[in-house]
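Residue numbers (my numbering): 75 to 328.
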């Protein structure tokens with residue numbers, strides 16, 4: 075058991091399936107009281123019933139007050155897990171870009187704005203952002219996803235450096251491929267880049283809890299991402315050339 079989460083009031087967004095459901099199950103197993111949020115009310119209800127949690131369907135950006143009330147007045151841990159995997163290029167349309175920005179970045183910002191006053195007053199709180207390795211690296215064929223996940227990582231990083239001395243814990247989870255509906259929706263690009271090393275959602279939950287125990291900001295369920303991230307920073311030209319080769323391979327298969 076991880077003592078830091080026993081008895082804690084936890085909110086997990088996008089928890090009707092995939093990584094979110096795995097996080098909700100793990101927090102409940104560790105003794106936390108869990109609010110399960112998802113746009114799909116039936117899926118949220120099913121996970122909540124399974125773990126003895128509280129279903130709170132709806133837009134993740136608008137549930138903080140209800141979640142706080144449902145947990146007896148306090149949210150101790152907020153998992154900003156809901157996201158959209160928007161594929162396409164610069165030409166995919168402003169609507170696609172706007173939705174990706176709103177869900178993948180601004181929902182995190184709105185949640186932090188609602189949570190931080192109480193957390194700072196009491197000197198504790200934990201914000202968990204499900205980002206993606208795309209937020210550290212990039213992803214072929216998915217400009218809106220890559221760009222907004224960079225934004226989600228940057229915001230989590232900013233929260234951590236700004237508030238860690240005031241008792242706020244922040245974790246950024248950055249997996250590569252995870253066997254979820256979102257991965258299935260990535261099509262041939264995901265088949266080429268992500269499927270070969272894809273892991274289960276439960277592996278992501280394991281990585282997060284290890285990171286909580288070790289008090290680490292950056293959570294890498296695929297440890298090899300650390301090497302890729304270092305290579306990108308050390309020699310951007312070489313890294314971009316290598317990524318462009320993957321892009322060309324993908325174009326040949328389309």
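Heads up, the beta-carbon is just placed ideally off N, CA and C, and yes, glycines get one too.
Rounded to the nearest whole angstrom, the CA to CA distance from residue 195 to residue 237 is 12 Å. Within the DSSP secondary-structure output, residue 153 pairs in a beta bridge with 86 and 202. Unbroken alpha helix (DSSP H) stretches of 4 residues or longer found wholly inside the segment 228–290: 255–258, 261–267 and 275–288, given in chain order. Take residue 250, set aside five residues on each side of it, and the residues of its chain with a beta-carbon closer than 7 Å to its own are 207, 268, 271, 296 and 299, in chain order. Counting of Cβ neighbours within 10 angstroms places residue 235 among the exposed residues, the total staying below 16. Residue 93 counts as buried, since no fewer than 16 other beta carbons sit within 10 angstroms of its beta carbon. Here residue 151 is not near residue 127, since their CB atoms are 9 Å or more apart.
Across the set 159, 253 and 136, the C-alpha of 159 shows the shortest separation from the C-alpha of residue 222. Per DSSP, residue 109 lies in no alpha helix (DSSP H); the unbroken beta strand (DSSP E) holding it starts and ends at 107–110.
Sequence-distant Cβ neighbours of residue 153 in its own chain, meaning closer than 6 Å and more than five residues away, are 86, 97 and 202. Rounded to the nearest whole angstrom, the CA to CA distance from residue 137 to residue 306 is 38 Å. When secondary structure is reduced to three states using DSSP, residue 214 falls in the coil class, being assigned neither helix nor strand. In the DSSP assignment, the residues bridged to residue 162 are 216. Looking from the CA of residue 134, the closest CA among 89, 168, 100 and 172 belongs to 89.
Selection 291, 81 and 323 evaluated against residue 106 yields 81 as nearest (Cα-Cα).
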